[in-house]
Amino acid sequence: MAEVTLTINGISVTVPKGTTVLDAARQAGIFIPTFCHDPELTRFGACRMCVVEIPGMRNLPASCVTEATDGMVVHTDSPAVIEARKTILELMLANHPMDCLTCGKNGDCRLQDYAYLYGVKTEPFGGEKHNYPVENDNPFIVRDMNKCILCGKCVRACAEIQGKSIVDFAYRGFDAKITPAMDVPLSESECVFCGNCVAVCPVGALQEKGLRSAARTWEVKKVKTTCPYCGTGCSFELNVKDNRVVGVTSCDGDVNGRALCAKGRFGYGFIHHPDRLTTPLVKKNGKFVKATWEEAISLVAQKLGAVKDKYGSDALAVLSSARCTNEENYLMQKFTRAVLGTNNIDHCARL
Amino acid sequence: MTNSIREIAGANFILAIGTNTTESHPIISLQAKKAKRNGATLVVADPRRTEMAELADIHMQLNSGSDIALLNAMANVIISEELWNKDFVANRTEDFEALKQTVAKYTPEYAAEITGVPAETIREVARGYARAKNATILYTMGVTQHICGTHNVFAVANLAMLCGHIGKESSGVNPLRGQNNVQGACDMGALPNVYTGYQPVTLEENRAKFAKVWNVGELPAKPGLTVGEMMEGAADGRVKAMYIMGENPVLSDPDSDHVVHALEKLEFLVVQDIFLTETAALADVVLPAASFAEKDGTFSNTERRVQRVRKAIDPVGDAKADWQIICDVATAMGYPMQYASASDIFDEIARLTPSYAGISYARLEQGGIQWPCPSADHPGTPYLHKDKFVRGLGKFNPVEYIPPAEQPDQDYPFVLSTGRRHFHYHTGTMTQRTGALEVHYGAEHLEINPLDAADLGVVDGDTVRVKSRRGQVEVKARLTDVVPRGLVFTSFHFPEVAINKLTNPARDPVAKIPELKVCAVKVEKAS
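Here the protein sequences come in this chain order: D and C.
When we follow the working numbering, the leftmost residue of the first sequence carries the number -3, and every step to the right adds one.
When we follow the working numbering, the leftmost residue of the second sequence carries the number 523, and every step to the right adds one.
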């Protein structure tokens, strides 16, 4: 494959032809901020946060949509670039609620991070601000379009990952807004609440309702695991606070990338549901009474043993579980065969 | 699956038969959508006009249970128009002549009468499938939950072999499995006839191998009972005690009333679960288990990928991980079973299971591994049957169409089919308790065609009584042309609409899978 060599901040970088300046810089370990860019989505070149200076070009091009060419010289942090990025941030903040103190994305927000990075504190372009009602009428996603920076990632995630195209840009200029067709709430659209838009939102415009009301972003420990629902085997991260699962977020799964469905992303509430069984139960006179583990285990052992002795091993049968782990299924069939002495073991593979 | 999930995106032709992919396997459907965006042809065979059917280039809206007629007719067209892959058939398969003879009578015109799919559509789809560079067949319970489920799968496999669409990337036979670890439970030998890795219990050398590692004198040689047979055994007194872990047969199995009756007849029932399910309620002892978030382990997904489950929190209350409970029961029964960690159990599995031999927790830290993975330096197997089939040559198993066990008649004029909804899962034990999913999708309905509803004087939202020869439920009607005339559909997610009271326990004689996709019912307006 043909290669090109360019110089970024004085460092020589060789990349395959067709690589963008942004990717070339990242390959060289050089940081360029982005809002609208996402490696999984089509290039959009809208937010202009990734502008760089390339001598010979008329203006500051967006590095995410500029192809690296042989001999190109790139400055990613020149005074002109910094000035441009600051102005972009100032323009965004001019129409932003600035309620970081109570925002669920505080601590995990690119707008906040870049404002900090470039020291943008004020709103020199103060003026009219949006005052959209916060969309909070579904149990999964909170949509606050006042915080939207119109990067369009959710539009592309919905179209290109989920293949649904529920949301798109509507209206013009200051009134431009991301919305389902006819500007209805998500709950009245054909949205399937996969939340893949939430996973790519760089700011607080789209937030997981449960997670963001349960924990600050820095309070959670994330544990990568495998989804317990269908057989696809999506990876995700359980967000844990105070020994409780408070939410699910995307990670880069072997099978699913960052995509999840409504069950995987929003179906974790059963873990701490009050109906969970928390103690062994033994039925006495038709009613369940709490028992200790010792009582329950010895009763089970005694009863199974008695049936085996009286009627033989094949009077015992075991249902293992397509919901449990490999290790547990292995042990269950080992137990059935080696201890109970029967091959009467099955599970609901057929259902 | 013979292929990997991500390979679906690379297919030029997708035949999705009996799979409501966008609802039951949403993330897999993304790969099919991607293929479609890349220019692939998508053909959906389903009695319902599902979202997949709407996305499809061609929707073959076949009559419930007529899959073999359709698939055989495709083979008929492919053979009679000389579109079959002669190299593949000659070098990789056997018994082609038998297939040719059997499908000879399944002309598209003959199949059209059985399936309701126009002959010309069958021809077009057959040609498209045969001529595609890479063609993949996706299927789920719509193919398998029939009295001819095994034969349906044979018919699928025959088609794939006939065209050489197997054993290569993005081309294959791909059942999408419904439960997180149903593949793993099968791999681990939680089946009545095999140990781990499908090693038959009937082979003396297998029994000797496992008996040695498990430190027991001998192991039973006779294959055991399947789920349905266990329930029959419980009902007729052959089975006296059952140990049920993480299953809810009262809601998931056909003919629920019979299942309840059977379980009530047991002398002893122990159920181990995370909730007091409808099945656990019948138990003598209930053992509280830890959820997936509270334990370490592995799941094997539908593409044979073994992936880690990691403990994120301590078990809720006094609950314990299932593996620890099993160890405790075994030990109490005089068989000391002790492991320091799930990883140690996995090492024992790897030692006894050739297809898992090269997998370890240390390797899984780098990502999932697809079996077969015979050694520690083996990268895993993204697609199966590359140069040869497991048995050597691929065998054509010609099959004949048979109608469903129960057909609509004057008394029960509708076909009832059951399946899944996007926002719920299986018997709803988990998804009815999330604080989110059940809030959004809180009640079940019966899909019925508006013309049928009009005949019955039923309007959208009316409560109807659905009755079969085995039981009845009441449910609100949803008038929709997703279902054709004569077909009604609902899910088994809602305990208050326990639809399996109605379903037919008639089973496939080979796989013992019940015919949950077809039974005869009547629908009447509830007063």
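Ideal placement from N, C-alpha and C gives every residue a C-beta, glycine not left out.
Just so it is clear, the structure is predicted and the values come from calculations on it, not from any experiment.
Item	Value
With C-beta atoms as the reference, is residue 67 (chain D) less than 9 Å away from residue 2 (chain D)?	yes
Kindly list, in the order they appear in chain C, the residues whose Cβ is closer than 8 Å to that of residue 289 (chain D).	840, 842 and 850
When the cut-off is 9 Å and only beta carbons count, does residue 547 (chain C) lie next to chain D?	yes
For residue 496 (chain C), which residues in chain D fall below 9 Å Cβ to Cβ?	There is no way to answer for residue 496 (chain C), as the model of chain C reaches only from 523 to 1049.
Here's the rule: buried if 16 or more other CB atoms are within 10 angstroms of the residue's CB, otherwise exposed. What is residue 936 (chain C)?	buried
Just mark residue 118 (chain D) as buried or exposed, buried being the case when its beta carbon has 16 or more other beta carbons within 10 Å.	exposed
Which of the three DSSP states is assigned to residue 1011 (chain C) in this structure?	strand
Tell me, please, whether the region 595 to 606 of chain C touches the region 542 to 558 of chain C by the rule of three or more beta-carbon pairs shorter than 8 Å.	no
Using a Cβ-Cβ cut-off of less than 9 Å, list which residues of the region 306 to 322 of chain D approach chain C; keep chain order.	306, 307, 309, 310, 311, 312, 313, 314, 315, 316, 317, 318, 319, 320, 321 and 322
With residue 203 (chain D) as the anchor, note down where its alpha helix (DSSP H) starts and where it stops.	Counting along the chain, residue 203 (chain D) falls outside any alpha helix (DSSP H), though it belongs to the beta strand (DSSP E) covering 202 to 204.
Among D:98, D:226, D:242 and D:257, which has the Cα closest to the Cα of residue 216 (chain D)?	D:242
In chain D, what lies closer than 7 Å to residue 699 (chain C) by C-beta?	227
Taking the alpha-carbon positions, what's the residue 585 (chain C) to residue 1004 (chain C) distance?	14 Å
Let me check you understand the geometry: is the CB of residue 132 (chain D) closer than 8 Å to at least one non-hydrogen atom of the ligand FAD?	With respect to the ligand FAD, the structure shown offers nothing to examine, as it has no ligands at all.
Sorted by chain position, which residues of the same chain lie with C-beta nearer than 6 Å to residue 575 (chain C)'s C-beta, five sequence neighbours on each side aside?	566, 568 and 581
From the beta carbon of residue 162 (chain D), is the nearest beta carbon of chain C less than 9 Å away?	no
Taking a contact to mean a Cβ-Cβ separation below 9 Å, would you say residue 188 (chain D) touches residue 257 (chain D) in this structure?	yes
Among residues of its own chain, excluding the 5 on either side of residue 987 (chain C), which ones have a beta-carbon nearer than 8 Å to its beta-carbon?	994, 995, 996, 1045, 1046, 1047 and 1048
Please confirm whether residue 959 (chain C) has its beta-carbon closer than 9 Å to some beta-carbon of chain D.	yes
Got a sec: is the Cβ-Cβ distance from residue 44 (chain D) to anything in chain C below 9 Å?	no
Could you give the first and the last residue of the continuous beta strand (DSSP E) run that contains residue 243 (chain D)?	240 to 245
What distance in whole Å lies between the Cβ atoms of residue 136 (chain D) and residue 148 (chain D), which are believed to be in contact at a cut-off of 8 Å?	About 21 Å separates the two Cβ atoms, so there is no contact after all.
If you scan the region -2 to 57 of chain D from start to end, which runs of the beta strand (DSSP E) of 3 or more residues do you find wholly inside it?	-1 to 4 and 7 to 12
Within 9 Å (strictly less), CB to CB, does residue 876 (chain C) reach chain D?	no
Let's test the definition: count the other Cβ atoms within 10 Å of the Cβ of residue 9 (chain D) and tell me whether it reaches 16, buried, or not, exposed.	buried
Going along chain C, which residues have a C-beta under 8 Å from residue 157 (chain D)?	552
Among C:655, C:669 and C:814, whose alpha-carbon lies nearest the alpha-carbon of residue 691 (chain C)?	C:655
Find out if the Cβ-Cβ distance for the pair residue 894 (chain C), residue 882 (chain C) is shorter than 9 Å.	no
Take the Cβ of residue 260 (chain D) as the centre, count every other Cβ of all protein chains shown within 10 Å, and call the residue buried at 16 or more, exposed below.	buried
Taking only runs of the alpha helix (DSSP H) that begin and end inside the region 656 to 719 of chain C, which ones reach a length of at least 4 residues, in chain order?	663 to 666, 671 to 684 and 704 to 709
Need the endpoints of the beta strand (DSSP E) that residue 315 (chain D) sits in, please.	312 to 315
Using CA coordinates, which residue listed in C:779, C:1042 and C:671 is at the minimum distance from residue 1031 (chain C)?	C:671
Using only alpha-carbon positions, find the residue among C:536, C:736 and C:753 that is nearest to residue 561 (chain C).	C:536
Mind pulling the chain C residues with CB within less than 7 Å of residue 236 (chain D)?	834 and 835
May I ask which residues mark the beginning and end of the alpha helix (DSSP H) holding residue 871 (chain C)?	864 to 874
Out of curiosity, what's the CA-to-CA distance linking residue 179 (chain D) and residue 980 (chain C)?	34 Å
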